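Counting in our numbering, the sequence shown runs from 318 upward without gaps.
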Amino acid sequence: MFRRDLTASRGGIVTAIDNRQVSRIAKLAGAPRRQVAGLALHGRVGDAVDAGAPLCTLHAQASGELDYAFGYAPAHAPFVIE
């Protein structure tokens with residue numbers, strides 16, 4: 318299994334999490350057809366985060382799927398930090 322953290326690009330408060338983007342990123346990582354694929358959220362709306370703090374961990378069975386999901390995630394960030 319392969320995994321990588323998606324981190325906060327800046328510090329602030331998590332004001333929203335876009336569930337559609339969370340779902341899309343999980344699917345790009347191979348979920349639900351691969352049982353080990355998906356992502357684990359580390360923060361909730363209202364949490365204070367520092368720049369570089371892990372917001373979620375992406376899991377994939379293959380490194381290519383992880384790279385694909387991780388490449389998509391920054392431009393379609395599911396976390397709104399203000």
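All C-beta atoms in this analysis are idealised placements derived from N, C-alpha and C, irrespective of residue type, glycine included. These numbers were taken from a predicted model, which means no experiment stands behind them.
- In terms of Cβ geometry, Asp335 and Pro395 form a close pair [threshold 7 Å].
- Beta-bridge partners assigned by DSSP to Thr332: none are found.
- Between Leu383 and Leu323, the gap from beta carbon to beta carbon reaches 7 Å or more.
- Judged by DSSP in its simplified three-state form, Gly347 adopts coil rather than helix or strand.
- Annotation: Asp384 is outside any beta strand (DSSP E); the continuous alpha helix (DSSP H) that includes it extends over Ser380 to Tyr389.
- Rounded to the nearest whole angstrom, the C-alpha separation of Arg350 and Lys344 is 9 Å.
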